[in-house]
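Working notes, beginning with the structure itself.
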Amino acid sequence: MSNLTGRSLLTLKDFTADEILCLIDFAIELKAKKRSGEQGSLLKGKSIVLIFEKTSTRTRCAFEVAAYDEGAQLTFLTNSQMGKKESMEDTAKVLGRYYDGIEFRGFKQETVESLAKWSGIPVWNGLTDLYHPTQVLADFMTIKEHAKRPFNEMKLVYIGDARNNVANSLMIGAVKLGMNFTAACPEVLHPDSGLLNEMQNLAVGTGSIITCESDPFAAVKGADIIYTDVWVSMGEEDKFEERITQLKPYQVTMELLSASENPDVIFEHCLPAFHDLETEVGKEVFAKYGLKEMEVTDEVFRSRHSVVFDEAENRMHTIKAVMAATCGS
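Quick note on numbering: the numbering used here labels position 260 of the sequence shown as 465, and the sequence is numbered without any gaps.
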């Protein structure tokens, strides 16, 4: 695969289509390796630190298991002096002396960029307010496993708040790979205009077509992948009422999947998903607003179209590929 040694993964904007495809193919190889029971050593002797400002299930577990599978040692760091009693620059320089790689999951994109600038070692973005590149690598790996056509012959439709980190990264990845990308959302939740213009300029060379559509049923026509995410991102919990009003017409239902006119349309979701009343938040929303399901119905979530748990598993394999490619032996 391409030589990615020493590289950081801060956003997919920094990677070429060939590099993204190589990471996906490498992840598929590593998945087969794990399922065969073969113990890995690609990260033997490496030390990795995980920094989390935001809560996590898949990202933390995926990084930890991926690292252990290939022989690395881990520190899970949540109580450091970073940004409090010690500057970001100084902290990054210290961590760069101790570790071979840094994962950061938090709020500001500037934080992960500063860690990469000053640490001198690979840094991996486990999620910021702007981007979620490790999630999208898993999404595209899952598409490759399930779809019947190459990326540049497919259409991906994102439904919901198209300004969020997942939507941003999906649009970037889709354009890089020549996929058509449609954001189905109210106008107030369109992608950031600066990023949208940047991707439209890039799409001229990759053949991708980017559109924004207010009618979700029109948007999904001809879709190969329909993707949604929670209506309220971490840190926006006070906006449930506003988002429910804005996004209730964009709930992913079986009727919406049928509107794709594709019997094999794939449904993706990065998780967690509010598809039933089995969560505290779901119960609170039901008590206040009477909604049993939010961004996706339980019927769709559990249908043959849904590949959400393949996506979740593939977080581990793609993260392993990223770590092994950038700091492995």
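Glycine residues also receive a C-beta, built at the ideal position from the N, C-alpha and C atoms.
Owing to the predicted nature of the structure, the values given are computational and were not obtained by experimental measurement.
Asked: Touching by the beta-carbon criterion (3+ pairs, under 8 Å), the stretch 521 to 534 and the stretch 352 to 372; Found: no
Asked: Exposed unless 16 or more other CB atoms sit within 10 angstroms - verdict on Asn402; Found: exposed
Asked: Proximity to Phe257 [Cα-Cα], best of Lys251, Gly250, Leu247, Phe268; Found: Phe268
Asked: C-alpha gap between Phe506 and Met459, whole angstroms; Found: 10 Å
Asked: Per DSSP, cross-strand counterpart(s) of Tyr273; Found: None; Tyr273 has no bridge partner.
Asked: Closest residue to Ala530 among Leu335, Cys227, Leu482 (Cα-Cα distance); Found: Cys227
Asked: 7 Å CB neighbourhood of Pro338 in its chain, flanking five on each side removed; Found: Leu214, Thr216, Leu217, Asn330, Ser374
Asked: Proximal residues to Val196 (C-beta, below 8 Å), its chain only, five neighbours per side dropped; Found: What the structure shows of the chain is the stretch from 206 to 534, and residue 196 is not part of that stretch, so it cannot be assessed.
Asked: Rounded separation between Ile326 and Gly533 - CA only; Found: 12 Å
Asked: According to DSSP, residues forming a beta bridge with Tyr363; Found: Ala388, Tyr432
Asked: C-beta contact flag for Val457 and Thr433 at 9 Å; Found: yes
Asked: Contacting residues, own chain, Cβ-Cβ under 6 Å from Lys236 (five flanking each side not counted); Found: His522
Asked: Whether Ile364 touches Tyr336 by CB criterion (9 Å); Found: no
Asked: Pick from Thr221, His474, Leu209, Phe514 that is closest to Val362, judged by C-alpha positions; Found: His474
Asked: Among Val486, Trp436, Val490, Val425, nearest to Ile471 - alpha-carbon criterion; Found: Val425
Asked: Residues of its chain near Phe345, where Cβ-Cβ distance is below 8 Å and the 5 sequence neighbours each way are ignored; Found: Ile225, Ile229, Phe356, Gly378, Leu382
Asked: Contact check, Tyr455 vs Pro391, beta carbons under 9 Å; Found: yes
Asked: Separation of Arg212 from Lys322, as counted between CA atoms; Found: 11 Å
Asked: Segments assigned beta strand (DSSP E), at least 3 residues, entirely inside the stretch 300 to 353; Found: 306 to 310, 328 to 332
Asked: Endpoints, the beta strand (DSSP E) within which Leu462 is located; Found: Leu462 -> not in any beta strand (DSSP E); alpha helix (DSSP H) instead, spanning 459 to 463.
Asked: Other residues of its chain near Arg448: CB distance less than 6 Å, five sequence neighbours each side excluded; Found: Trp436, Val437
Asked: Beta-carbon proximity check, Lys360 vs Asp429, cutoff 9 Å; Found: yes
Asked: Cβ-based neighbour list, Asp366, same chain, cut-off 6 Å, excluding 5 preceding and 5 following; Found: Leu394
Asked: C-alpha distance - Phe281 paired with Ile307, whole-angstrom precision; Found: 10 Å
Asked: Top-ranked residue by Cα proximity to Ala423, from Met404, Ala388, Gln314; Found: Ala388
Asked: Cys227 - DSSP class collapsed to helix/strand/coil; Found: helix
Asked: Assigned secondary structure, Thr416 (DSSP; H/G/I helix, E/B strand, else coil); Found: strand
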